[in-house]
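In full-length UniProt numbering, the protein residues as written are 6 to 442.
Each residue gets a CB set at the ideal place from its N, CA and C atoms; glycine is no exception.
Remarks on the structure that follows.
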Amino acid sequence: LASKLQDTLDKLKSKGRLTEKDVDTAMREVKMALLEADVNFRVVKDFIKKVKERAIGQDVMGSLTPAQQVIKIVNEELTELMGKEESKINFASSPPTVIMMCGLQGAGKTTTSGKLGGLFKKKGKRPLLVACDVYRPAAIKQLEVVGEKLDIPVFSMGDKVDPVNIAKAGVEHGKKNGNDLIIIDTAGRLHIDDELMDELGNIKSEVQPQEILLVVDSMTGQDAVSVAETFDEKLDVNGVVLTKLDGDARGGAALSIKAVTGKPIKFIGMGEKLDQLEVFYPERMSSRILGMGDVLSLIEKAQETFDADKAKELEQKIKSQEFDFEDFLGQLQQMKNMGPLTDLLGMIPGMNSKQMKNLNVDEREFVKIEAIIQSMTRKERQNPDLIDGSRRKRIAKGSGSNIQDVNKLLKQFKETKKMMKKFGDLEKTMKKKGKLG
Ligand code: GDP
Ligand code: MG
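This is how it looks when you write it as structure tokens:
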């Protein structure tokens, strides 16, 4: 979605007031991009109408280009479409809190049950996982393996007992054992059927969960949205977890779900690993879809791994563009503790998943980069402009690489900085208008 949109928006060069023609051209592209991203047609139509109404005739703000102005409006409306702010879990006023997971087979219920347990365990809760999928072969075992990995207890009664009874007994068990968060993993089906809905309805009325989370697979696009609609009609869910967003560059489901069902996305699954669950922030998703990247998530992830002061320093540096090779090196070293590089790179502004695939990130490449930076002098790291031809030769030799590698790194670094600057400027102007921060 991002790059084509960017092209069109870049063409909006005229200064002053946004004309109907400016907005029309841009909106045609936005519309195409949204439809290509598999966003629900009704949603697209409403969306375009809303943006147009807002945009036409607006003064272009002093420090923004017309393109930025349109992006800003599109960004705000996309955010609004997805629910404005993050939606939290309803915790019971007197524990335990019971969360019931539901969704089609393969959507990611079992994985997400574990991920949620892990997430809240980190925040000091004492979760219990309850295995209510008695149909899928090895479903109970799967949950037990997940529980073991996370060191979270799993309650099961085998596959000969009625799921409703298991759920009830699981909650009792949790109460007795001081678990303040009980996550019920239920069965799914390949398609929605009445039997499944009845079973889920019965579990719901038996255990009265504070929270019913519907798990949907983002890769199924529009289908994800209609699945969400049906489940919600039957069960009146509290929110949605959108899984496999790591594999869905288009983000169509993310955009339509709230608009169609009225229920917010609360979490997103970003990979198969048990720590790859993130709180859903509409504004970040919107920026990500628009290709502005996700500096905020990057910073947050960094904060979790290395200490807050360092992250703050980095954030400051990114904002003021003082970022140099010293920081870069430090960051590379931190990154090793921060999970797969592809995760992180995806959050850098301007990188979309297509580019990422082309990049084909190779961890060995980073060892090389590290070696190159280590072969620079301190002065060179702080001021890369110093690095002329002969210095490049020396650095290449010192790091056991060749001059092309050094050139490539210098070029990439420059471009990254440029992108950071772009983002920083935009943020500054938005801040001035009181939109961010
Ligand atoms: P369930 O049938 O709804 O319980 O689904 P599972 O939890 O068994 O997940 C089905 C498959 O999807 C498994 O292979 C998971 O590893 C995978 N999966 C779940 N969530 C994600 C995610 O966010 N990203 C990716 N890439 N895979 C996921
Ligand atoms: Mg399962």
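query: With burial defined as no fewer than 16 other Cβ atoms inside 10 Å of the residue's Cβ, what is the status of residue 74: buried or exposed?; result: buried
query: On the three-state DSSP scale, how would you describe residue 127?; result: helix
query: Under a three-way DSSP split, which group does residue 516 fall into?; result: Here the chain covers residues 6 to 442 and nothing more, so residue 516 does not appear.
query: Tell me which residue opens and which closes the alpha helix (DSSP H) that residue 392 is part of.; result: Premise fails: residue 392 is in no alpha helix (DSSP H) and is neither H nor E.
query: Let me know the secondary structure DSSP gives residue 102 once reduced to three states.; result: strand
query: Taking contact to mean at least 3 C-beta pairs separated by less than 8 Å, is the segment 206-216 in contact with the segment 117-132?; result: no
query: Starting from residue 149, follow the beta strand (DSSP E) in both directions and report where the run begins and ends.; result: First-last for residue 149: 144-155, but that is the alpha helix (DSSP H), not the beta strand (DSSP E).
query: Quick one: residues in its chain with C-beta nearer than 6 Å to the C-beta of residue 171, no 5 flanking neighbours on either side, listed in chain order?; result: 137, 162
query: Flag this pair as touching only if the segment 77-90 and the segment 278-287 have three or more C-beta atom pairs under 8 Å; answer yes or no.; result: yes
query: Using the Cα positions of residue 446 and residue 220, report the straight-line distance between them to the nearest angstrom.; result: One cannot answer for residue 446 here, as it falls past the ends of the chain, which runs 6 to 442.
query: Hey, would you say the C-beta of residue 277 is under 6 Å away from at least one heavy atom of the ligand GDP?; result: yes
query: Taking the straight line between their C-alpha atoms, what separation do you get for residue 408 and residue 378?; result: 13 Å
query: Between residue 376 and the rest of its own chain, which residues show a CB-CB distance below 6 Å, the 5 nearest in sequence each way excluded?; result: 404
query: Apart from the five residues just before and just after residue 387, which ones in its own chain have a Cβ nearer than 7 Å to its Cβ?; result: 329, 331
query: Among residues of its own chain, excluding the 5 on either side of residue 142, which ones have a beta-carbon nearer than 7 Å to its beta-carbon?; result: none
query: On a Cα-Cα basis, can you pick out the residue from 398, 264, 273, 417 that is closest to residue 246?; result: 273
query: Taking the straight line between their C-alpha atoms, what separation do you get for residue 384 and residue 414?; result: 17 Å
query: What distance in whole Å lies between the Cβ atoms of residue 232 and residue 109, which are believed to be in contact at a cut-off of 8 Å?; result: 6 Å
query: Report the three-state DSSP secondary structure of residue 274 (helix, strand or coil).; result: strand
query: On the DSSP letters alone, give me the boundaries of the alpha helix (DSSP H) that residue 43 sits inside.; result: From DSSP, residue 43 is part of no alpha helix (DSSP H); its letter is neither H nor E.
query: Taking the beta carbon of residue 62 as the centre, do at least 16 other beta carbons fall within 10 Å, making it buried, or is it exposed?; result: exposed
query: Considering residue 189, what are the terminal residues of the beta strand (DSSP E) in which it resides?; result: 186-190
query: Can you say whether residue 179 is buried or exposed, counting buried as having 16 or more other CB atoms within 10 angstroms of its CB?; result: buried
query: So which of 98, 94, 119 has the shortest CA-CA distance to residue 190?; result: 119
query: CA-CA distance, residue 39 and residue 257?; result: 7 Å
query: Is DSSP giving residue 96 helix, strand or coil here?; result: coil
query: Would you mind giving the Cβ-Cβ distance between residue 279 and residue 154, rounded to the nearest angstrom? I have them listed as a contact below 8 Å.; result: 6 Å
query: Return helix, strand or coil for residue 82, following the three-state DSSP convention.; result: helix
query: Give me the Cβ distance between residue 188 and residue 275, rounded to the nearest whole Å; I'm assuming they're in contact under 8 Å.; result: 19 Å between Cβ atoms; not a contact.
query: Any idea what DSSP makes of residue 411, helix, strand or coil?; result: helix
query: Who are the Cβ neighbours of residue 175 in its own chain at under 6 Å, not counting the five residues just before and after it?; result: 135, 160
query: Can you tell which of 52, 36, 37, 76 has the C-alpha that lies nearest to the C-alpha of residue 265?; result: 52
query: Assign residue 46 to buried or exposed, taking buried as 16 or more other Cβ atoms, counted over all protein chains shown, within 10 Å of its Cβ.; result: exposed
query: Please indicate yes or no: does the CB of residue 172 lie closer than 6 Å to some heavy atom of the ligand MG?; result: no
query: Any heavy atom of the ligand GDP within a distance shorter than 6 Å of the CB on residue 271?; result: no
query: Under 6 Å from any heavy atom of the ligand MG, does the C-beta of residue 390 make it?; result: no
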